[in-house]
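Inspection log for the structure reproduced underneath, given as C-alpha cells.
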Ligand SMILES: *Cc1c(COP(=O)(O)O)cnc(C)c1O
C-alpha cells in the first residue's frame, strides 16, 4: 500500500465536474484579470472568516508583504516572527526593509511563545506575526494582551490554518489583518499560486488592494508605485468551488487526526499533537515527535508511507540567516522540534485502512521499540 503525504489527485477526482465547469466559465467569459470570479471568491472567503473584507493577492508571501507595507512597516522597524516556521513569514518582513526578530515556540503546541514575544519587544517593534502552525491557532489571547500593552500590530499568518477557530472565532479575524496562502497543498489550495488577506479594517483592505494593483486609483492614475500581486481569475474560480467543501474537508482532517491520536495513545515514546480546549485544529499537518526520527522515517518509507519534516532547520540556523544577529542565539524548543518532528500522511480522502497501516508500521518500528522504557 502506497500512502502519500497529501493526495491532490484524489481531491480533484472528487470535485472534477464542479471544477471543470468553473474553469470553463472563466474561459468563456475571457475576463482573465479580476472579474466576478475574484470578487465572488473574496466575498465568500471574507464571510467564511467572519471578516468584513478579503483581498485576493498572488500568493501567501505577498499577502504578508503587502499587509506590512500597508501598515507602513519598513527600514528601521522590527517585526517578531516565530523561529520555527516556513521561511516566507520572515522573507516578507525582510522584503519591506524591516528586520525579522526570531522567537522560540511553546514546547507542547509548537506555536510562538507569548513570553518570548514579550522579551523580544523593543521600541522598534512594529508588528508580531503569530503563525497558526500546522493548523493550530497560536495563543492569541496572551499575544493580544502583550500587543495591546506595547502598541504592536498583530498580523496573523494563517497560511496553514484555513477553517481553524480560536475561542469559537475563525482564524483570519483574530488580529488586525490575516494572511492566507492557497498554495496547492494547503487546506484550501488553488491549482497554482494564490493568496489573500482578511481584515475588518476598510482602509487597510483598500490600501492592500491598491498596492497589489500597481498603486492604482484608476486604470492609469497611480497613487504610489505599487506591485503586481493580484489573485489570478482562474485560481479564484477554482478556490470558490473548493471553499464550499472546506468545512467538510476540515471535519475529515479532524476525524483522521483523532483516529491517529486514539490509535497511538498507548505509545509512550511518540509525542502526539496537543489541541488546547479553547481552539480547534485545522490539521493542515498531523505532527508527532519521535526521538530516532530518521530511522522511524526510513522504516515508514520502506513500507510505502511518505512523511514530511516541518521543519528540519529553524530559521536562525538557515544559511540565508547566517549573518542575522539571532543566528548566534539558541532556541531550545525549536531546535529540539527540528530534530524530532515528523508529519504523517493527512488529507481528507485518507482512508481508515491507510491510517491503520501507518499506525501499525509506526508502532512496530524497531527504532521506536528501542526507545520504549524498559
Ligand atoms: C505556505 C506558507 C506561506 C507562504 O505561502 P506562499 O503562498 O507559498 O507564498 C507563509 N507562511 C506559512 C506558515 C506557510 O506555510
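In this note's numbering, the protein residues as written are 66 to 439. For glycine and all other residues, C-beta sits at the position ideal for the given N, C-alpha and C. Since the structure is predicted, the reported quantities are computational estimates derived from the model, not experimental observations.
Cβ-Cβ distance between residue i and residue j below 7 Å
i, j, result
"residue 148", "residue 396", "yes"
"residue 305", "residue 118", "no"
"residue 75", "residue 414", "yes"
"residue 128", "residue 260", "yes"
"residue 346", "residue 200", "yes"
"residue 194", "residue 215", "no"
"residue 273", "residue 120", "yes"
"residue 264", "residue 289", "no"
"residue 392", "residue 381", "yes"
"residue 232", "residue 343", "yes"
"residue 349", "residue 225", "yes"
Option in the options with minimal Cα separation from residue i
i, options, result
"residue 90", "269, 382, 282 and 301", "301"
"residue 178", "157, 204 and 284", "204"
"residue 98", "321, 422 and 298", "298"
"residue 146", "192, 136, 116 and 344", "192"
"residue 446", "427, 264 and 269", "No statement about residue 446 is possible, as the shown extent of the chain runs from 66 to 439 and does not include it."
"residue 459", "279, 307 and 270", "With the chain covering only 66 through 439, there is no way to say anything about residue 459."
"residue 429", "66, 291, 361 and 350", "361"
"residue 207", "239, 245 and 229", "239"
"residue 323", "229, 232 and 340", "340"
"residue 84", "267, 309 and 169", "309"
"residue 244", "104, 125 and 385", "125"
"residue 202", "109, 235 and 188", "235"
"residue 159", "169, 142 and 168", "142"
"residue 400", "180, 303, 190 and 169", "169"
"residue 189", "209, 164 and 213", "164"
"residue 73", "422, 411, 285 and 421", "411"
Coil, strand or helix - residue i by DSSP
i, result
"residue 21", "Beyond the ends of the chain as shown, which are 66 and 439, falls residue 21; an answer cannot be given."
"residue 67", "coil"
"residue 189", "coil"
"residue 235", "strand"
"residue 287", "strand"
"residue 116", "coil"
"residue 165", "strand"
"residue 110", "helix"
"residue 35", "Outside the shown range of the chain, which is 66 to 439, sits residue 35, and nothing can be said about it."
"residue 437", "Confidence at residue 437 is low in this model, with a pLDDT of 46, below 50, so the placement of that residue should be treated as unreliable; the coordinate-derived value is given next. Correct three-state label for residue 437: coil."
"residue 313", "helix"
"residue 143", "strand"
"residue 428", "helix"
"residue 82", "helix"
Integer-rounded CB distance, given that residue j should sit under 8 Å from residue i
i, j, result
"residue 152", "residue 182", "Actually they do not touch by this definition, with Cβ atoms about 20 Å apart."
"residue 122", "residue 262", "7 Å"
"residue 68", "residue 370", "5 Å"
"residue 134", "residue 296", "Between residue 296 and residue 134 the Cβ distance is about 17 Å, and since that is not below 8 Å, they are no contact."
"residue 131", "residue 246", "Incorrect: roughly 13 Å between the Cβ atoms, too far for contact."
"residue 196", "residue 150", "5 Å"
"residue 424", "residue 325", "7 Å"
Any non-hydrogen atom of ligand 3 closer than 6 Å to residue i Cβ
i, result
"residue 224", "This structure does not include ligand 3; its bound ligands are ligand 1."
Can you find at least 3 beta carbon pairs, one from the stretch 219-233 and one from the stretch 168-188, that sit closer than 8 Å? no
Can you find at least 3 beta carbon pairs, one from the stretch 318-334 and one from the stretch 368-387, that sit closer than 8 Å? no
Would you call the stretch 310-325 and the stretch 248-259 touching, i.e. three or more CB-CB distances under 8 Å? yes
Pairing CB atoms from the stretch 399-411 with CB atoms from the stretch 351-370, are three or more of them under 8 Å? yes
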